[in-house]
Structure formats: C-alpha cells, structure tokens
Amino acid sequence: MSLAFAKMHGAGNDFVLIDTLREQAPLTPELVQQLADRRYGAGADQVLTIERGVQLPFAYSIYNADGSSAGQCGNGARCVGAYLHRHYGLPRGFTMESPAGPVSVRIFDNGEVEVDLGVPRLNPAEVPTTLQPDAAGVGSFQALGRSWQGSPVSMGNPHLVIEVPDVAHAPLAELGAWLQVSELFPQGCNLGMVQVLDANTLRLRVYERGVGETLACGSGACAAAVAMQTRGRASGPLRLELPGGRLRVRWDGPGKPAFLAGGAEFVYAGQWQR
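FYI, the numbering for the sequence shown is 0 to 273, going by numbering that gives the first Met the number 0.
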C-alpha cells in the first residue's frame, strides 16, 4: 500500500494529514496507530483526513494516536485550513465542516491561521460529566489522595481545566490517566492544567485523551481561556504559553464563539509504503 500524506504542526501539536480527495485508502485504527507511531511511523498526535463535505466543499475527520476518533481539534483545524488554502487555492476566509459542526477559517497576511471553534458548552450534560459545577463553573472531586477543583468545558470534545500555582510541576500525566477511566467523564476528557501569569497570559499543559501529554492543544487552549474568564481569573483576548509554542484565544463571554489563532506549519510531504 502506498499513501501520500503531509506532516504539519501547530505550536508543536503535530498531525499527519491525508487528503482522501486524492488518496483512497482504508483508514483503520491499526493504520492510524502505525502512522502516528513516533519510532516506526511518521509520528503524530492526531491523524486528520480531508474529505468532501456534506453541505460544504470540504470537511475533515480526526483520529487520535491510539486510533480512536475525536470530535474536535483546534490546531488540527488550523492546519487543515492552511492546507486547503495552499493546495486548493481557497481564499483567506472560508468555512469547512468538522465532526463538531462548521468551522470558519481566517488566514492572516503573516500566514497565521484563526478558526472559530464555536460556542463553548458549560452545561455538565453537554460535556459530558457528572461533576456539578458552582456558579463560577467549578466542580470538586477527589483523586490521587487529594481534593481537586476543575472547570468542565466542551469545545466539541470534553475538557477539564484545573488551575495550579506551578504548571511545570503539576501531576498532569497521573491525573490525566486517572480521568480517562473515571466515572466523572464517561467519554474520557482532555485535562488542562493552567497557571495564570497575568490577566491576559496563561501557561498551559494538556493531557489529551487517546494521546497523552502534547506540546500544545488548540481546543484545550480555548477551554482554559473560557474557564479562567468564567472564574474571573483572566480577561480576553488571551495569550497562552504551551510547551510547543504560543496560541491566542478570543472569547467574548457566554453564548459567544471561541476563536483560536496561531501558526500552522508545513513540515514535509511523505509517502507511506507498506
């Protein structure tokens, strides 16, 4: 089997893109795992497929490194947008379909890409989670021998955002793995641990379900921004510092969409042969 692909990343959050309009191959969970493997494959946090949309010309699907599917991927959406602009000549502003609904894309003169990830959902049943947040969106639970307070947010995929005093030394991997099998999140969740640097700047690490810790997470950046603004701990627009780079988030409050912006870089084009 021969399969052409593109390798891209957004702030170090890396992807294998397969253009199914040009490449026909059965994308099984096993093939996703092989492509995403960092020793024996191309290496990626997610594999994205570009497809023909139902109501729009273009759409994309998302597969985590373990082969499971995902509802949304902010940095992945930005990379798909950059790919479509470069390879199909789409204008600097267009809309594409995602598993979580339509995503509007805006490409700036400097090459950075902004996407509209829709209105964040804070209702526990829509995340979904069994946590019962207070008026500030914060719920409490016990794990790893201590108490935690976190904000559940859905950006088309489930997130839990926990503020910590020092994100560099927070037990992200341990708590992230615990949450994947907890009854608190029946579909698992992406865990974001966030440190407030100032009113407009957050430092963030994310453990993604089906992947583990990643260098960046676009939907996680949006979830963190929404959680910290809802708590009154920050005010937008926000800059987010992640291990792999920086992202920007704009959110004007309840009922308004969250916008994610940053670089979307082409790494190389490859040919998978097995």
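Every residue, glycine too, gets a C-beta built ideally from N, C-alpha and C.
Next on the checklist: Tell me the residue span of the beta strand (DSSP E) that contains S103.
Outcome noted: G100 to I106 is the span of the beta strand (DSSP E), which, as asked, contains S103.
Item to check | F4, buried or exposed, once every other Cβ within 10 Å from all chains shown has been counted against 16 | outcome: Per the 10 Å Cβ criterion, buried.
Item to check | Rounded C-alpha distance that separates L159 from L83 | outcome: Answer to the nearest angstrom: the Cα atoms are 31 Å apart.
Next on the checklist: I'd like to know whether the C-beta atoms of G79 and I49 end up nearer to each other than 8 Å.
Outcome noted: Per the sequence shown, residue 79 should be read as Val rather than Gly. Using a Cβ distance threshold of 8 Å, V79 and I49 count as a contacting pair.
Checklist entry - Distance, Cα to Cα, A224 vs T200? => result Taking the straight line joining both Cα atoms gives about 9 Å.
Checklist entry - Within this structure, are the beta carbons of S67 and G209 separated by less than 8 Å? => result Result yes, Cβ atoms of S67 and G209 sit closer than 8 Å.
Item to check | Beta-carbon separation (whole angstroms), L239 vs L190, contact threshold 8 Å | outcome: Their Cβ separation, rounded to whole angstroms, is 15 Å, which puts L239 and L190 out of contact at 8 Å.
Next on the checklist: Please identify the residue among L259, T19 and M192 whose C-alpha is closest to the C-alpha of P236.
Outcome noted: Minimum Cα distance to P236 is reached at L259.
Checklist entry - What residue from G269, A43, A226 and F265 has the CA that sits closest to A81's CA? => result Closest by alpha carbon: F265.
Item to check | Nearest to T229 (by Cα), restricted to the options V137, L196 and V163 | outcome: Comparing Cα-Cα distances from T229 to each of V137, L196 and V163, the minimum goes to V137.
Checklist entry - In three-state DSSP terms, what is P151? => result Strand at P151.
Checklist entry - Expressed to the nearest angstrom, what Euclidean distance is found between the alpha-carbon atoms of P119 and A135? => result Rounded to whole angstroms, P119 and A135 show a C-alpha spacing of 15 Å.
Checklist entry - Can you tell me whether T213 is buried or exposed, with buried defined as 16 or more other CB within 10 angstroms of its CB? => result Per the 10 Å Cβ criterion, buried.
Checklist entry - How many Å lie between Y267 and W250 at the Cα? => result One C-alpha to the other measures close to 33 Å.
Checklist entry - What is the DSSP secondary structure of S139, counted as helix, strand or coil? => result Here S139 sits in strand by DSSP.
Checklist entry - Could you give the distance in angstroms between the alpha-carbon of A167 and the alpha-carbon of M0? => result Distance between the alpha carbons of A167 and M0: 42 Å.
Item to check | A215 vs G244 beta-carbon contact at 8 Å | outcome: For A215 and G244, yes; Cβs fall inside 8 Å.
Next on the checklist: Classify S234: buried if its beta carbon has 16 or more other beta carbons within 10 angstroms, exposed otherwise.
Outcome noted: S234 is exposed by the Cβ-count criterion.
Next on the checklist: Does the structure place the segment 103-116 close enough to the segment 34-41 that three or more beta carbon pairs sit under 8 Å?
Outcome noted: Cβ pair count under 8 Å is below three, so no.
Next on the checklist: Taking its Cβ as the centre, do 16 or more other Cβ atoms sit within 10 Å of G252, making it buried, or is it exposed?
Outcome noted: G252 should be labelled exposed.
Next on the checklist: Under DSSP, the beta strand (DSSP E) around Q272 begins and ends at which residues?
Outcome noted: It spans E264 to Q272 - the beta strand (DSSP E) in which Q272 sits, taken as one unbroken run.
Next on the checklist: Could you tell me the alpha carbon to alpha carbon distance between P56 and Q272, rounded to whole angstroms?
Outcome noted: Between the C-alpha atoms of P56 and Q272 there is a straight-line separation of about 29 Å.
Checklist entry - Would Y59 be called buried (16 or more neighbouring beta carbons within 10 Å of its own) or exposed? => result Buried.
Next on the checklist: So within the segment 58-125, which uninterrupted beta strand (DSSP E) runs reach at least 3 residues, ignoring any that extend past its ends?
Outcome noted: Segments of the beta strand (DSSP E) lying fully in the segment 58-125: 92-97, 100-106 and 112-115.
Next on the checklist: Rounded to the nearest angstrom, what separates Y206 and N12 at their Cα positions?
Outcome noted: One C-alpha to the other measures close to 12 Å.
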